[in-house]
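Everything below concerns the one structure shown next.
Numbering (full-length UniProt numbering), first residue to last: 1 to 489.
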């Protein structure tokens with residue numbers, strides 16, 4: 001049954017967002033966006049049409065360098081204000097991998113199942129090239145374990161973060177990075193990314209990490225295309241996401257020549273003009289202060305991707321397109337993606353059998369939806385896909401971080417599922433009342449997407465503030481949202 005956000009719920013969300021940013025205003029205001037969409041928020045027959053949110057609100061200045069909204073003549077962020085997605089990039093890359101199962105290029109490369117070993121295309125992850133780091137002797141010498149027979153890394157494991165890979169956020173990973181003397185920022189892909197060890201046997205547990213970055217590389221190896229070009233061709237252009245990509249300046253050039261008007265071309269940091277990204281940072285007193293960080297430019301070397309800083313626009317330099325992070329988009333564009341996913345769910349699980357090979361010129365919305373992913377592949381987006389023997393307890397701890405205060409709530413255990421694109425609520429309602437089948441993911445700047453297919457509801461929300469160490473606001477907004485949804489159901 002479609003969910004409607006009640007007027008009282010809308011008022012409470014608006015009031016809460018203003019309360020969240022109010023204490024920070026004297027120190028460089030962070031801003032906040034909240035956008036709810038349904039399957040009807042976009043018209044699949046007309047990608048040029050704008051997004052029609054079920055509910056939308058924002059607060060704070062569009063450019064976080066301003067202290068007050070009144071100091072930014074453009075007002076608060078709107079649907080066309082560009083933002084860095086950080087880890088919300090992962091949804092798009094994972095969808096791109098699944099799309100290869102229906103793509104002639106995938107079939108030509110022999111990619112026909114997510115249970116295939118990835119070392120066919122990514123020998124860097126093959127047996128003999130990767131070992132499991134079990135610990136350290138005297139804090140210095142690593143203790144290694146061979147990958148067990150029959151536990152080769154598969155595409156499914158990369159999609160569900162159960163491959164054994166992690167990053168510096170893992171305790172052993174942090175020690176590894178410290179011992180090899182590398183910074184935790186991918187400056188040297190050869191040392192940090194490609195040579196990162198496994199931290200547990202593949203398929204045995206969940207651990208957030210660099211899995212989706214390797215999926216981006218998998219797409220490039222199979223298609224012989226840059227990741228950005230493949231995703232633009234497969235998703236961004238067909239869905240009308242003309243303001244989404246890895247290079248903000250190039251996005252503006254492309255948007256200018258698209259058929260959809262972009263009313264406000266600049267990002268929160270005017271990235272289409274300059275070289276620097278500006279975010280609201282955390283100061284010692286817990287309030288927001290303005291920081292300015294140079295954008296790293298990655299160039300391909302002989303054996304690695306080397307980072308440097310350049311005075312020329314980063315968007316004009318051949319760069320590193322990481323599958324797990326780095327994508328820029330707008331609330332409007334990401335809302336279009338979530339709206340399409342809701343249509344995909346309806347088409348996939350409707351009683352009517354859909355033919356993937358129907359005439360693409362047919363004006364039927366459901367057939368239009370299925371031209372992106374076949375029903376068989378689409379099911380992988382919405383159903384649990386993690387290896388059945390994998391310990392998903394670490395996913396519960398990750399969910400707890402973004403849902404503080406729910407340690408003793410029975411709904412926490414229902415966060416233990418994972419589809420091929422993100423965590424999935426299984427077994428019962430989540431801590432905020434999320435229905436079974438609810439999906440979600442979080443990006444670094446406290447940006448979150450949530451999809452509730454059974455209620456025809458998608459939400460994109462967040463603030464452009466880093467580091468993301470105050471997750472209570474996401475929990476607070478989700479509590480308000482799903483309380484309102486339950487009232488309507």
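Backbone N, C-alpha and C define an ideal beta-carbon position, used for all residues, glycine too.
Tell me the rounded alpha-carbon separation between residue i and residue j.
i           : j           : result
residue 401 : residue 31  : 22 angstroms
residue 300 : residue 407 : Residue placement at residue 300 is flagged as unreliable, the pLDDT there being 35, under the threshold of 50; a coordinate-derived value is accordingly withheld.
residue 146 : residue 119 : 16 angstroms
residue 33  : residue 461 : 5 angstroms
residue 411 : residue 431 : 4 angstroms
residue 375 : residue 95  : 14 angstroms
residue 132 : residue 17  : 44 angstroms
residue 241 : residue 140 : 48 angstroms
residue 227 : residue 86  : 16 angstroms
residue 458 : residue 122 : 34 angstroms
residue 387 : residue 413 : 17 angstroms
residue 453 : residue 340 : 11 angstroms
residue 57  : residue 409 : 30 angstroms
residue 211 : residue 439 : 18 angstroms
residue 107 : residue 218 : 14 angstroms
residue 104 : residue 234 : 12 angstroms
residue 135 : residue 142 : 6 angstroms
residue 417 : residue 230 : 29 angstroms
residue 447 : residue 423 : 15 angstroms
residue 214 : residue 97  : 11 angstroms
residue 349 : residue 372 : 15 angstroms
residue 198 : residue 484 : 43 angstroms
In terms of residue numbering, what span does the alpha helix (DSSP H) encompassing residue i cover?
i           : result
residue 429 : Per DSSP, residue 429 belongs to no alpha helix (DSSP H) and is neither H nor E.
residue 96  : 89-100
residue 200 : Here residue 200 belongs to no alpha helix (DSSP H), and DSSP marks it neither H nor E.
residue 39  : Counting along the chain, residue 39 falls outside any alpha helix (DSSP H), and DSSP gives it neither H nor E.
residue 459 : Looking at the DSSP string, residue 459 is not in any alpha helix (DSSP H); the run it does join, the beta strand (DSSP E), is 457-463.
residue 228 : 227-231
residue 330 : Careful: residue 330 lies outside any alpha helix (DSSP H), inside the beta strand (DSSP E) at 328-330.
residue 108 : 104-108
residue 211 : 211-223
residue 397 : 393-401
Identify whether residue i lies in helix, strand or coil by the three-state DSSP scheme.
i           : result
residue 265 : For residue 265, the predicted structure reports a pLDDT of 30, less than 50, and the residue's modelled location is therefore unreliable. A value from the coordinates is still provided. Correct three-state label for residue 265: coil.
residue 246 : coil
residue 82  : strand
residue 340 : helix
residue 13  : helix
residue 423 : strand
residue 4   : coil
residue 33  : strand
residue 127 : strand
residue 166 : coil
residue 438 : coil
residue 484 : helix
residue 383 : coil
residue 335 : helix
residue 160 : coil
residue 175 : helix
residue 293 : Residue placement at residue 293 cannot be trusted, given a pLDDT of 33 that sits under 50; the coordinates are not used to answer.
residue 19  : helix
residue 443 : strand
residue 477 : helix
residue 234 : helix
I'd like the span of the beta strand (DSSP E) that includes residue i, first residue to last.
i           : result
residue 145 : 141-145
residue 135 : 132-137
residue 448 : 447-452
residue 57  : 55-59
Looking only at its chain, what residues have a beta carbon closer than 7 angstroms to the beta carbon of residue i, apart from the 5 residues adjacent to it on each side?
i           : result
residue 55  : 5, 10 and 36
residue 390 : 162, 203, 204, 205 and 206
residue 116 : 154 and 155
residue 383 : 419
residue 336 : 42, 51, 239, 240 and 241
Within its chain, find whatever has a CB closer than 6 angstroms to the CB of residue i; leave out the 5 residues flanking it on each side and keep chain order.
i           : result
residue 185 : Only weak support exists for where residue 185 lies, its pLDDT of 43 falling under 50; the coordinates are left without a value.
residue 311 : In this prediction, residue 311 has a pLDDT of 35, which is less than 50 and means its spatial position is unreliable; what the coordinates show is noted afterwards. Same-chain partners within the cutoff: there are none.
residue 90  : 212 and 324
residue 209 : 165, 166 and 167
residue 456 : 2, 38, 39 and 342
The ligand COA and residue i: does the residue's C-beta get closer than 8 angstroms to at least one heavy atom of that ligand?
i           : result
residue 389 : Ligands are entirely absent from the displayed structure, and the ligand COA is therefore not among its contents.
In its own chain, which residues sit with a C-beta less than 8 angstroms from the C-beta of residue i, not counting the 5 before and 5 after it?
i           : result
residue 480 : 9, 12, 13 and 16
For the 8 angstroms Cβ check, are there 3 or more pairs between the segment 223-233 and the segment 113-130? no
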